[in-house]
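One structure is given below, encoded as structure tokens.
There are 2 protein chains.
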Amino acid sequence: MSSKAKTDQFIDQIAEIMREQGMRMTKPRERILRELYEASKPQSAEEIRQNAGFGPSDLVTVYRNLESMLSLGRVQRIILENGTQLFEWVEAEQHHHHIICRHCHHAEPIDFCAAHELESIAQRAGFSEINHVIEVFGTCKACEKEADPAK
Amino acid sequence: MSSKAKTDQFIDQIAEIMREQGMRMTKPRERILRELYEASKPQSAEEIRQNAGFGPSDLVTVYRNLESMLSLGRVQRIILENGTQLFEWVEAEQHHHHIICRHCHHAEPIDFCAAHELESIAQRAGFSEINHVIEVFGTCKACEKEADPAK
DNA sequence: ATGAGTGCAAATAGTTTGCAAGCTG
DNA sequence: CAGCTTGCAAACTATTTGCACTCAT
């Protein structure tokens, strides 16, 4: 199957989920999803806006849509150390964590998730609506070189 | 030892570390440290400003000092899901993680830290200046009741 | 045609920077 | 008294909200 076809399939899946929720598959939404799927790396709203070819004032639309896509289960959010949000698509029900470069957002999935331990600790403490965050931040080789070519 | 004395001891320790770094122990710094130590829970810059009795325009000072205190090793930062920063004091060399209420910032330390696994994964991936984040967010019992008294 | 979604403007929240004046060691 | 630190103003970044208009179903 071509890469193009895979993207279309991904978008169709989301369109289906959206319909079930009374949401509509619009042009902007399709562009955002296409960008998320094909870039296949976490990006900020502003990066997505630019890479998906939106104009400067369309940033609002990007934000609103990313937010509403989160609940569909195929887009997840990462918060950087400075508080900026990044978004990326995920395989159905396959949330995962990363080692991510704080400069260029280059990310590698890490095969480590303590969801079970963490959630049970939280339940025992009487918390509800539990969400766990595990991320590893660092500077990747490329960005390290850029900052200090001597290395 | 009285609670007052413990706080003073904590502040003296930090003053010592500051002196080594060429930093000075000033009135505002002492107030911030006292608040961090006595509240003993993560607080935002704005919360610290208010609770330590600073005026509205002193928020800058609070930010600047919290930032510079981070490197001293006795104050750590937590980033909430919305990107807001919280700060708390820590036992020397005793960084830890939390289950924390996203509404009132009530927090309980969790006895779980995969620093070793995570850092070695990151090193293998060629990253430097590695920092790991593990946090569990939820809604605590009190805040759940407040939002929905029926429960 | 009906209401979900968009786009532009404007507001907001959190945080940072510039600079003259103040205080600590 | 040198220079670290403060305080007030102002700038900035990321994100959100209001509202009239548009488009998908």
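Same order as they appear, the protein sequences are chains A and B. Following this note's numbering, the numbering of the first sequence begins with 1 at its first residue and continues without gaps. Following this note's numbering, the numbering of the second sequence begins with 1001 at its first residue and continues without gaps. We put the CB at the ideal spot given by N, CA and C, even for glycine.
query = Should B/His1132 be flagged as near chain A, meaning a C-beta pair shorter than 8 angstroms?
reply = Here residue 1132 of chain B refers to the residue found at position 132 when the second sequence is read from its first residue. It does: the Cβ of B/His1132 has a partner Cβ on chain A nearer than 8 angstroms.
### Query
What number of angstroms, rounded off, separates the C-alpha of B/Glu1119 from the C-alpha of B/His1132?
Taking the second sequence and counting its residues from 1, the one referred to as residue 1119 of chain B is at position 119. Taking the second sequence and counting its residues from 1, the one referred to as residue 1132 of chain B is at position 132. Using only the alpha carbons, I get a separation of about 7 angstroms.
field: Three-way DSSP call (helix, strand, coil) for A/Val90 in this model
entry: Locating residue 90 of chain A in the first sequence gives position 90, counting from the first residue. In this structure, A/Val90 counts as coil in the three-state DSSP scheme.
- Item | Where B/Phe1010 falls: helix, strand or coil (DSSP) | Start at 1 with the first residue of the second sequence, and residue 1010 of chain B comes out as number 10. If DSSP states are grouped into helix, strand and coil, B/Phe1010 belongs with the helices.
query = Using a beta-carbon distance below 8 angstroms, is B/Leu1118 in contact with chain A?
reply = Within the second sequence, residue 1118 of chain B is the residue found at index 118, counting from 1. It does; some Cβ of chain A falls within 8 angstroms.
A/Ile134 versus A/Ile14: straight-line alpha-carbon distance, rounded = Residue 134 of chain A sits at position 134 when you count from the first residue of the first sequence. Residue 14 of chain A sits at position 14 when you count from the first residue of the first sequence. Spanning the two alpha carbons is a distance of roughly 26 angstroms.
message: Give me, in chain order, the residues of the same chain whose beta-carbon lies closer than 8 angstroms to that of A/Asn51; leave out the 5 immediate sequence neighbours on both sides.
response: Residue 51 of chain A sits at position 51 when you count from the first residue of the first sequence. Closer than 8 angstroms at Cβ, skipping near neighbours: Glu35, Ala39 and Gln43.
| field | Reduced DSSP category for A/Gln85 - H, G, I as helix; E, B as strand; rest coil | value | By one-based count along the first sequence, residue 85 of chain A stands at place 85. In this structure, A/Gln85 counts as strand in the three-state DSSP scheme.
Check: Would you say B/Ile1048 reaches chain A, if we count a Cβ-Cβ gap shorter than 8 angstroms as a contact?
Finding: On the second sequence, residue 1048 of chain B is found 48 positions in, with the first residue counted as 1. Output row for B/Ile1048: interface = no.
Practice prompt. Assuming A/Ile32 contacts B/Val1136 (C-beta within less than 8 angstroms), just tell me the rounded distance between them.
Written response: Here residue 32 of chain A corresponds to residue number 32 of the first sequence, with the count starting at 1. Here residue 1136 of chain B corresponds to residue number 136 of the second sequence, with the count starting at 1. Rounded, the Cβ-Cβ distance is 29 angstroms, inconsistent with contact.
Whether A/Gly138 touches A/Ile78 by CB criterion (8 angstroms): Taking the first sequence and counting its residues from 1, one reaches residue 138 of chain A at position 138. Taking the first sequence and counting its residues from 1, one reaches residue 78 of chain A at position 78. Contact: no.
Item to check | Beta-carbon contacts of A/Cys143 that lie in its chain and below 7 angstroms, excluding the five residues immediately before and after | outcome: Mapped onto the first sequence, residue 143 of chain A falls at position 143. Counting only Cβ-Cβ distances below 7 angstroms, and skipping sequence neighbours, we find Cys101, His103 and Cys104.
**Message:** Under 7 angstroms, CB to CB, which of the residues in the segment 46 to 79 of chain A have a partner in chain B?
**Reply:** Ile79
Worksheet item: Leaving out the 5 sequence neighbours to the left and right, which residues in its chain are closer than 6 angstroms to B/Ile1130 when beta-carbon positions are compared?
Response: Walking along the second sequence from the start, residue 1130 of chain B turns up at place 130. Taken in chain order, the residues that qualify are Glu1119 and Ala1122.
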